[in-house]
Structures are given as structure tokens and as C-alpha cells.
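Numbering-wise (my numbering), the sequence shown opens with residue 8 and increments by one.
Don't be surprised by glycine CBs; every beta carbon is placed ideally from N, CA and C.
What follows is a short report on a single structure.
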Amino acid sequence: MATSPNDAGDDVIDQFLSDRGHSVEQVGWDHDYNKKQCPECGGLHDTSASSCTVCGWEPAT
């Protein structure tokens, strides 16, 4: 889903989606022992990783 650079209007979209049962939480890294785990593909990375080298996923900023 495309958003504007400054997230203008995202509150309205989030409310629309949540009213219809969709999750609108921002997704971040999962953690597995001392590694970061990608929530998309499950790839494991060092704690310094900023994006998934397996599938390219990046957490929302």
C-alpha cells in the first residue's frame, strides 16, 4: 500500500481498516535468542541488521 512521504491521512486509513477487522500495527523484528528474525520470511540476522538480506523486508520507520 502506498502512503504519502509524511504519512498524511494514514490515521483515516488505519481507522477504516481496523473497523473492518484488519490489524494496523506496525510490524517490527521478531527476536530469536540473540538474533533478529524477519517477520516475513523467518530469516535470522545479527542484531545490527536494518533489513532482511533474504527477502528485503525493512521495518517501518
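Per DSSP, Q33 has no beta-bridge partner at all.
Beyond the five residues adjoining it in sequence on each side, E47 comes within less than 8 Å, by CB distance, of C59, C62, W64 in the same chain, given in chain order.
Assignment of D21 by DSSP, reduced to helix, strand and coil, places it in the helix class.
Cβ-Cβ distances below 6 Å link G50 to C59, V61 in the same chain, with the five nearest sequence neighbours on each side left out; the list follows chain order. Within its own chain, the residues whose Cβ lies closer than 6 Å to the Cβ of V34, once the five positions on either side in sequence are excluded, are P46, listed in chain order.
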